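A.B. asks:
2 protein chains.
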Amino acid sequence: MISPEKVKEALGTVLVPGVERSLVKMNLVKDIVVNGGKLDITLYNAAIMKDTQEWLKARVGQVMKDMDGIIEVQINFADAVPKDLNKVKNIIAIMSGKGGVGKSLVSGLTAMALRRQGYEVGILDADITGPSIPRMFGVSGLPGMSESGMLPVASSSGIGIMSINLLLHAEDDAIIWRGPLIGQTITQFWEEVLWGNLDYLIVDLPPGTSDAPLTLLQKLPVSGIIIVFTPQDLTAMVVRKAVKMAQQMSKPIIGVVENMSYLYIPELKKKMEIFGKSHADEMALSAGAPLLGQLPIDPSLVALCDEGKVERYNSEAYTAYIQKLTKLLISKE
Amino acid sequence: MISPEKVKEALGTVLVPGVERSLVKMNLVKDIVVNGGKLDITLYNAAIMKDTQEWLKARVGQVMKDMDGIIEVQINFADAVPKDLNKVKNIIAIMSGKGGVGKSLVSGLTAMALRRQGYEVGILDADITGPSIPRMFGVSGLPGMSESGMLPVASSSGIGIMSINLLLHAEDDAIIWRGPLIGQTITQFWEEVLWGNLDYLIVDLPPGTSDAPLTLLQKLPVSGIIIVFTPQDLTAMVVRKAVKMAQQMSKPIIGVVENMSYLYIPELKKKMEIFGKSHADEMALSAGAPLLGQLPIDPSLVALCDEGKVERYNSEAYTAYIQKLTKLLISKE
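From first to last, the protein sequence lines are chains P and U.
To get the numbering used here, take the position in the first sequence, counting from 1, and add 6.
To get the numbering used here, take the position in the second sequence, counting from 1, and add 6.
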């Protein structure tokens, strides 16, 4: 007789359309009952529309029929909402206080770093009025959606992404909403999106210390914060506001990242500190957290982001960041 | 007999402490009655604390006694609130949608440009959670304040500045407020600050299209918007959201400014487009407004901002910006 484990393994090969992750990774398998040659599988329907349910039924039936010893397969769907199925081990918020320091970039690079180490990763784009994650990763198109919730859209390396820009008619439509509505959207992105099993959910916060970060830090079980800044003194001052906010709300800052540290001029073989001298050590000290990296301004990275191909990026500074970050996170596991 | 005009002229030499602009420019002169050698002056007390009222009384008395033909001077204060005394000809909002593109820098440079042309100028720093204007202009210290309102703080070239950072205990204290409170603060900065007579009030908006810009565009009689962007494609997309917001709220965009257009490398005598190729013409087209300038990344400007000495800045690109801007504004007068 075939074992439920074997069946589950086979279900692990069935990918949910759109999000491109398996039924198992999306936590959509409720029950597997094996009775002789008869197999009863119950899946959850959270965030899965009717058409996709039918498609999944057919696809699972086909996979099971290919297995030895199975004569009859019954597939049912049980009601569920994403909130009850999500198992997210760590939520890491990328914060800054200051705009344009590269929070979205660091969010993307952090998610990619963890994904390259084999972790299951998602990105919740909490920058409702200025979302840039979808463009950077080249994802577009409406997320899968049912009455019970939404599915993230998968990046080419398999990072699940949810962003308001995926839900807009045109990517440059403006969201002219007041704070409470923005807070509500972020909460929805957490509760009504089927993230499934994730090792890390990276949250890209908008600048400032108002509604979006407040809601996030109050409503989501954030496990750690990474603070992003640039060398400018002026930036450091505004960024320290975010540090103080994190401290006042008793959320641990796990590291700081200096972005736009310098520009390397190949013709001169020299680094130019175009935004001023680095304050990285000082920032690490005032945040009480390690410096995870100093990322240069890299025109090739700018171009990849504009083309939606950030996942192709490699550089010495980025490799160093990946190493420091993963070492730190493993030490916390 | 001395004429009221002569008296008013003399009052134009009496500077209000802190804001360093005259009683006349601050619209604080209510009445001048000349009766033979007897002079009756009534000033408004809006935003002027008791101590300063006494000081002003003494100072005005002294100036008047120096004038020929005056035997007796009577100085009284009448109740008033800033809202009723402010005469602001033009409000120009600096917007972007995207953070870190240099809205504050362009706000500062725009105010300086108009000031250098001899206009009376103020800056309302509406970036409540990430204010950077005071640092850039090197102003600090508590604004003058009474029950009826507040006085801006004067920059070295005489630009009146109001920012939440002037009101904080430490400049890196975080403002952890939800949207409605932020909107309320911006309204207060408009209604309860004695701006006096201004040709231009420049409003530095925070990134995004949520509470702060919404409040500003709904509650203040904004005469025009300047949109700031950088060459990155990704930025252009987010900035177009601000353009759409302005259009949806029927506020005229008077011009667009590209910041961080390029970096000039003196050793190579060449311009590097480190954030990608310029989209300036495209942005001007989509905003339906002229391109006012393309400002480079200038390490000397970064340093001046960090030192609080932005008003000392000069460069070819900035001179070109000043010329285009003033020509445009004069054409609208």
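Just so it is clear, CB atoms sit at the ideal spot from N, CA and C, and this is done for glycine as well.
In this text, all values refer to a predicted model and were calculated from it rather than measured experimentally.
Run through chain P and tell me which residues come within less than 7 Å of residue 238 (chain U), C-beta to C-beta.
C.D. replies: As a first step, residue 238 (chain U) must be located in the second sequence, where it is residue number 232. Result: 308 and 312.
A.B. asks: How many Å lie between residue 7 (chain P) and residue 203 (chain P) at the Cα?
C.D. replies: Taking the first sequence and counting its residues from 1, the one referred to as residue 7 (chain P) is at position 1. Taking the first sequence and counting its residues from 1, the one referred to as residue 203 (chain P) is at position 197. Spanning the two alpha carbons is a distance of roughly 29 Å.
A.B. asks: Just to confirm the assignment: which complete beta strand (DSSP E) runs, minimum length 3, are found wholly within the stretch 76-120 of chain U?
C.D. replies: The stretch 76-120 of chain U contains these whole beta strand (DSSP E) runs: 78-84 and 93-101.
A.B. asks: Reducing DSSP to helix, strand and coil, say where residue 233 (chain U) ends up.
C.D. replies: What you label residue 233 (chain U) is simply residue 227 of the second sequence in a count that begins at 1. Strand, per DSSP.
A.B. asks: What whole-angstrom Cβ distance do residue 117 (chain U) and residue 81 (chain U) have, given they're in contact under 8 Å?
C.D. replies: For the purposes of this step, residue 117 (chain U) is taken as the residue at position 111 of the second sequence. For the purposes of this step, residue 81 (chain U) is taken as the residue at position 75 of the second sequence. The pair is not a contact, with the Cβ atoms about 33 Å apart (cut-off 8 Å).
A.B. asks: With DSSP collapsed to three states, give me the class of residue 246 (chain U).
C.D. replies: If you number the second sequence from 1, residue 246 (chain U) lands on position 240. Here residue 246 (chain U) sits in helix by DSSP.
A.B. asks: Please classify residue 258 (chain P) as buried or exposed, where buried requires at least 16 other C-beta atoms within 10 Å of its C-beta.
C.D. replies: Stepping through the first sequence from its first residue, residue 258 (chain P) is reached at position 252. The residue in question, residue 258 (chain P), is exposed, as its Cβ has fewer than 16 Cβ neighbours within 10 Å.
A.B. asks: Identify the residues that DSSP records as bridge partners of residue 28 (chain U): which are they?
C.D. replies: Sequence index remark: in the second sequence, residue 28 (chain U) carries index 22 (1-based). For residue 28 (chain U), which the question treats as bridged, DSSP gives the partners U:21.
A.B. asks: Quick one: using the 10 Å Cβ neighbour count with 16 as the cut-off for buried, is residue 128 (chain P) buried or exposed?
C.D. replies: Counting from 1 along the first sequence, the entry for residue 128 (chain P) is found at position 122. Residue 128 (chain P) is buried by the Cβ-count criterion.
A.B. asks: Where does residue 216 (chain U) sit, in a helix, a strand or coil, going by DSSP?
C.D. replies: Taking the second sequence and counting its residues from 1, one reaches residue 216 (chain U) at position 210. It is coil, neither helix nor strand.
A.B. asks: Note down, in chain order, all residues in the stretch 187-216 of chain U with a beta-carbon under 7 Å from any beta-carbon belonging to chain P.
C.D. replies: So the close ones are 188, 212, 213, 214, 215 and 216.
A.B. asks: Touch check for the stretch 224-240 of chain P and the stretch 101-116 of chain P: three-plus C-beta pairs under 8 Å?
C.D. replies: Touching, yes.
A.B. asks: Using a beta-carbon distance cut-off of less than 7 Å, what residues from the stretch 269-286 of chain U approach chain P?
C.D. replies: Listed by position along the chain: 269, 271, 273, 274, 280, 281 and 282.
A.B. asks: How do the stretch 108-116 of chain P and the stretch 220-227 of chain P stand: do at least 3 beta-carbon pairs fall below 8 Å, yes or no?
C.D. replies: Touching, no.
A.B. asks: Among the candidates P:212, P:108 and P:31, whose CA atom is the shortest distance from the CA of residue 188 (chain P)?
C.D. replies: For the purposes of this step, residue 188 (chain P) is taken as residue 182 along the first sequence, with counting starting at 1. Measuring from the Cα of residue 188 (chain P), the nearest candidate turns out to be P:212.
A.B. asks: Would you say residue 36 (chain U) and residue 50 (chain U) are within 7 Å of each other, going by their C-beta atoms?
C.D. replies: To locate residue 36 (chain U), count along the second sequence from 1; it is residue 30. To locate residue 50 (chain U), count along the second sequence from 1; it is residue 44. Contact: yes.
A.B. asks: Which first and last residues belong to the beta strand (DSSP E) in which residue 48 (chain U) is found?
C.D. replies: In the second sequence, residue 48 (chain U) corresponds to position 42, counting from 1. 44-50 is the extent of the beta strand (DSSP E) around residue 48 (chain U).
A.B. asks: Can you tell me which of the three DSSP states residue 34 (chain P) falls into?
C.D. replies: Start at 1 with the first residue of the first sequence, and residue 34 (chain P) comes out as number 28. Three-state DSSP puts residue 34 (chain P) in coil, outside helix and strand.
A.B. asks: For a cutoff of 7 Å on Cβ pairs, would you count residue 225 (chain U) as touching chain P?
C.D. replies: By 1-based counting over the second sequence, the position of residue 225 (chain U) is 219. Residue 225 (chain U) does not count as touching chain P.
A.B. asks: If I'm right that residue 218 (chain P) touches residue 192 (chain P) with Cβ under 8 Å, what's the distance once you round it to whole angstroms?
C.D. replies: On the first sequence, position 212 is the one that residue 218 (chain P) refers to. On the first sequence, position 186 is the one that residue 192 (chain P) refers to. Confirmed, about 6 Å.
A.B. asks: Residue 138 (chain P) touches chain U at which residues, Cβ-Cβ below 7 Å?
C.D. replies: Stepping through the first sequence from its first residue, residue 138 (chain P) is reached at position 132. Neighbours of residue 138 (chain P) on chain U, chain order: 240 and 244.
A.B. asks: Flag this pair as touching only if the stretch 76-93 of chain P and the stretch 36-48 of chain P have three or more C-beta atom pairs under 8 Å; answer yes or no.
C.D. replies: Verdict: yes, contact present.
A.B. asks: Report the CB separation of residue 330 (chain U) from residue 294 (chain U) in whole angstroms; it is logged as a contact under 8 Å.
C.D. replies: What you label residue 330 (chain U) is simply residue 324 of the second sequence in a count that begins at 1. What you label residue 294 (chain U) is simply residue 288 of the second sequence in a count that begins at 1. Residue 330 (chain U) to residue 294 (chain U), Cβ: 17 Å. No contact.
A.B. asks: In the DSSP assignment, find the unbroken beta strand (DSSP E) run with residue 289 (chain P) in it and report its ends.
C.D. replies: What you label residue 289 (chain P) is simply residue 283 of the first sequence in a count that begins at 1. Where residue 289 (chain P) is concerned, there is no enclosing beta strand (DSSP E), although the alpha helix (DSSP H) it sits in stretches over 286-293.
A.B. asks: Between U:24, U:47, U:58 and U:281, which has its C-alpha nearest residue 13 (chain U)'s C-alpha?
C.D. replies: Counting from one through the second sequence, the residue named residue 13 (chain U) turns up at place 7. Nearest option by C-alpha distance: U:47.
A.B. asks: With respect to the alpha helix (DSSP H) encompassing residue 205 (chain U), which residues constitute its N-terminal and C-terminal limits?
C.D. replies: For the purposes of this step, residue 205 (chain U) is taken as the residue at position 199 of the second sequence. Counting along the chain, residue 205 (chain U) falls outside any alpha helix (DSSP H), though it belongs to the beta strand (DSSP E) covering 203-210.
A.B. asks: Against chain U, with Cβ distances strictly below 7 Å, would residue 46 (chain P) count as a contact?
C.D. replies: For the purposes of this step, residue 46 (chain P) is taken as the residue at position 40 of the first sequence. Not an interface residue.
A.B. asks: Cβ of residue 28 (chain P) within 7 Å of Cβ of residue 39 (chain P)?
C.D. replies: As a first step, residue 28 (chain P) must be located in the first sequence, where it is residue number 22. As a first step, residue 39 (chain P) must be located in the first sequence, where it is residue number 33. It is not a contact, given that the beta carbons lie outside the stated cut-off.
A.B. asks: If you follow the beta strand (DSSP E) that residue 279 (chain P) is in, where does it begin and where does it stop?
C.D. replies: The sequence position of residue 279 (chain P) within the first sequence is 273, counting from 1. Element bounds for residue 279 (chain P): n/a, residue is neither H nor E.
A.B. asks: Out of curiosity, what's the CA-to-CA distance linking residue 264 (chain U) and residue 315 (chain P)?
C.D. replies: Counted from its first residue, the second sequence places residue 264 (chain U) at position 258. Counted from its first residue, the first sequence places residue 315 (chain P) at position 309. The straight-line gap from Cα to Cα measures roughly 25 Å.
A.B. asks: Buried or exposed: which applies to residue 247 (chain U), given that a residue is buried once 16 or more other Cβ atoms fall within 10 Å of its Cβ?
C.D. replies: Within the second sequence, residue 247 (chain U) is the residue found at index 241, counting from 1. Looking at its Cβ environment, which holds 16 or more other Cβ atoms inside 10 Å, residue 247 (chain U) is buried.
A.B. asks: Would you decide whether residue 147 (chain U) is buried or exposed? Buried here means 16 or more other CB atoms lie within 10 Å of its CB.
C.D. replies: Mapped onto the second sequence, residue 147 (chain U) falls at position 141. With fewer than 16 Cβ atoms within 10 Å of its Cβ, residue 147 (chain U) is classed as exposed.
A.B. asks: What residue does the alpha helix (DSSP H) around residue 68 (chain P) start on, and which one ends it?
C.D. replies: Your numbering for residue 68 (chain P) matches position 62 in the first sequence. It spans 56-71 - the alpha helix (DSSP H) in which residue 68 (chain P) sits, taken as one unbroken run.
A.B. asks: Measure the Cβ-Cβ separation of residue 52 (chain P) and residue 154 (chain P) and say whether it is below 7 Å.
C.D. replies: Against the first sequence, residue 52 (chain P) aligns to sequence position 46. Against the first sequence, residue 154 (chain P) aligns to sequence position 148. Yes, the pair counts as a contact, with Cβ atoms nearer than the cut-off.
A.B. asks: Taking beta-carbon pairs under 7 Å, can you tell me which members of the stretch 124-136 of chain U lie near chain P?
C.D. replies: Against chain P - using a Cβ distance shorter than 7 Å - the residues of the stretch 124-136 of chain U are 135 and 136.
A.B. asks: Helix, strand or coil for residue 194 (chain U) per DSSP?
C.D. replies: Along the second sequence, read from residue 1 onward, the residue named residue 194 (chain U) stands at position 188. In this structure, residue 194 (chain U) counts as helix in the three-state DSSP scheme.
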